[in-house]
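Visitor: The following block contains the structure, expressed as structure tokens.
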Amino acid sequence: MSDVQFAAEIAKEAGRLLLQLRAQARSKAMTESELKDAGDRASQEYLNRRLVASYPDDSILSEEATDDLTRLNNDRVWIIDPLDGTREYSEGRDDWAVHVALWQSGQLIVGAVALPGLDELLVSRSEPVGALNRGMRPVRIAVSRTRPPQIVTELANHLDIEFVPMGSAGFKACAVARGEVDAYIHAGGQYEWDSAAPVAVAASRDLHVSRIDGSPLEYNQENPYLPDLLICRKELRAALLGAMAGITLQTT
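Given below as structure tokens:
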């Protein structure tokens, strides 16, 4: 089994386990908080067990585990988010995800994102997103359904934009890969596990991925914090980066 096939398999299976757990939550009278914790724990335990058994020499960076910095000296690091979007998951929504990515020798080489609520699985492979028929329609940008970042609000003063609210970071990023929206911009701070798998998927589909200043996204860093992110169709790259550069200059 290839690395991509393995990542796809465990992401999909973790998603299936999470759906089963959520289906049982009502009969067990679990609160939303208890369901969040149980989901994080169950998915983490499953993914960690499979990774350790199949790739004992690889390192793992996970939101739900203590960071072992020996990963910095390893050529292969799995970057996982066992449950991206705990709020959406606990509320019975569909816009949450499971992320599994593999970083090797300085770059992301594998990404698998399960969207269990939609019964979909996106993996990194050569599969370009279809051509965009711009016409007169606005740029559709995926934003948080509860707290759209200020920079995206500011963009509306420079470009014709339509906000498309949705849940977790991975779900928003994959909305670009699925062709549902044109871009996803985040400037409120994330961590490597929030974006590694979706970025690998997006890049394999010939989408633009970078920081909001156009610089590369770097993974397996000592501090896994990633301040910002842009995923968009390549034909929108110049317009979005240019507009965000102008906004940044105005606010500094």
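Using the working numbering, you'd call the opening residue of the sequence shown number 665 and step up by one each time.
Where is the CB? At the ideal position from N, CA and C, for every residue including glycine.
Counting pairs of Cβ atoms below 8 Å between the stretch 827-835 and the stretch 855-863, do you hit three or more?
Guide: Yes, the stretch 827-835 is in contact with the stretch 855-863.
Visitor: Is the beta carbon of residue 884 sitting closer than 8 Å to the one on residue 767?
Guide: Within the sequence shown, residue 884 is the residue found at index 220, counting from 1. Within the sequence shown, residue 767 is the residue found at index 103, counting from 1. The answer is yes: Cβ separation under 8 Å.
Visitor: With respect to the alpha helix (DSSP H) encompassing residue 829, which residues constitute its N-terminal and C-terminal limits?
Guide: The residue labelled residue 829 in the question sits at position 165 within the sequence shown. Residue 829 -> not in any alpha helix (DSSP H); beta strand (DSSP E) instead, spanning 825-830.
Visitor: For the stretch 840-848 against the stretch 888-897, are there 3 or more C-beta pairs whose distance is under 8 Å?
Guide: Yes, they touch.
Visitor: Who are residue 760's beta bridge partners in DSSP?
Guide: Along the sequence shown, one-based indexing puts residue 760 at 96. For residue 760, which the question treats as bridged, DSSP gives no partner whatsoever.
Visitor: How is residue 871 classed by DSSP in three states: helix, strand or coil?
Guide: The sequence position of residue 871 within the sequence shown is 207, counting from 1. It is coil, neither helix nor strand.
Visitor: Use the C-beta contact count for residue 902: other C-beta atoms within 10 angstroms, 16 or more gives buried, fewer gives exposed.
Guide: Counting from one through the sequence shown, the residue named residue 902 turns up at place 238. Result: exposed.
Visitor: If you run the structure through DSSP and keep just helix, strand and coil, what is residue 745?
Guide: By one-based count along the sequence shown, residue 745 stands at place 81. If DSSP states are grouped into helix, strand and coil, residue 745 belongs with the strands.
Visitor: How many Å lie between residue 866 and residue 695 at the Cα?
Guide: The residue labelled residue 866 in the question sits at position 202 within the sequence shown. The residue labelled residue 695 in the question sits at position 31 within the sequence shown. For residue 866 and residue 695, the distance between alpha carbons rounds to 35 Å.
Visitor: Give the range of the beta strand (DSSP E) segment to which residue 804 is assigned.
Guide: The count along the sequence shown starts at 1 and reaches residue 804 at position 140. Per DSSP, residue 804 belongs to the beta strand (DSSP E) from 803-808.
Visitor: Quick one: which unbroken beta strand (DSSP E) runs of 3-plus residues sit fully inside the stretch 880-913? Chain order, please.
Guide: With a minimum length of 3 residues, the continuous beta strand (DSSP E) runs that stay inside the stretch 880-913 are 893-896.
Visitor: Which of the three DSSP states is assigned to residue 674 in this structure?
Guide: The residue you call residue 674 lines up with position 10 of the sequence shown. Helix.
Visitor: Residue 849 lies in the beta strand (DSSP E); which residues open and close that run?
Guide: Locating residue 849 in the sequence shown gives position 185, counting from the first residue. Its beta strand (DSSP E) spans residues 847-850.
Visitor: Tell me the DSSP bridge mates of residue 767?
Guide: By one-based count along the sequence shown, residue 767 stands at place 103. BP columns for residue 767 point to 741 and 772.
Visitor: According to DSSP, is residue 778 helix, strand or coil?
Guide: Taking the first residue of the sequence shown as 1, we reach residue 778 at position 114. Three-state DSSP puts residue 778 in a strand.
Visitor: Flag this pair as yes or no: are the beta carbons of residue 774 and residue 667 separated by less than 8 Å?
Guide: Indexing the sequence shown from 1 puts residue 774 at position 110. Indexing the sequence shown from 1 puts residue 667 at position 3. Yes; because the gap between Cβ atoms is below 8 Å, this pair is in contact.
Visitor: Could you give the distance in angstroms between the alpha-carbon of residue 777 and the alpha-carbon of residue 748?
Guide: Sequence index remark: in the sequence shown, residue 777 carries index 113 (1-based). Sequence index remark: in the sequence shown, residue 748 carries index 84 (1-based). Using only the alpha carbons, I get a separation of about 10 Å.
Visitor: Leaving aside the five residues before and after residue 727 along the sequence, list all residues of the same chain whose C-beta is less than 6 Å from its C-beta, in chain order.
Guide: Position 63 of the sequence shown, counted from the first residue, corresponds to residue 727. If we look at residue 727 and ignore the five residues flanking it on each side, its Cβ neighbours are 745 and 857.
Visitor: Please name the residue, chosen from 887, 886 and 910, that lies closest to residue 877 on a Cα-to-Cα basis.
Guide: As a first step, residue 877 must be located in the sequence shown, where it is residue number 213. Comparing Cα positions, the closest option is 910.
Visitor: Who are residue 818's beta bridge partners in DSSP?
Guide: Reading the sequence shown from its first residue, position 154 is the one you call residue 818. In DSSP, residue 818 forms no bridge with anything.
Visitor: In the DSSP assignment, find the unbroken alpha helix (DSSP H) run with residue 723 in it and report its ends.
Guide: Here residue 723 is taken as the residue at index 59 of the sequence shown, counted from 1. Run containing residue 723: none in the alpha helix (DSSP H); it sits in the beta strand (DSSP E), 723-726.
Visitor: Are there 16 or more other CB atoms within 10 angstroms of the CB of residue 781, so buried, or fewer, so exposed?
Guide: Within the sequence shown, residue 781 is the residue found at index 117, counting from 1. Buried.
Visitor: Would you mind giving the Cβ-Cβ distance between residue 761 and residue 779, rounded to the nearest angstrom? I have them listed as a contact below 8 Å.
Guide: Numbered from its first residue, the sequence shown carries residue 761 at position 97. Numbered from its first residue, the sequence shown carries residue 779 at position 115. Right, their Cβ atoms sit about 6 Å apart.
Visitor: Find out if the Cβ-Cβ distance for the pair residue 785, residue 676 is shorter than 8 Å.
Guide: The residue given as residue 785 occupies position 121 in the sequence shown. The residue given as residue 676 occupies position 12 in the sequence shown. Closer than 8 Å, so yes.
Visitor: Run through DSSP, which three-state label would residue 784 get?
Guide: Counting from 1 along the sequence shown, the entry for residue 784 is found at position 120. Of the three classes helix, strand and coil, the one that applies to residue 784 here is strand, per DSSP.
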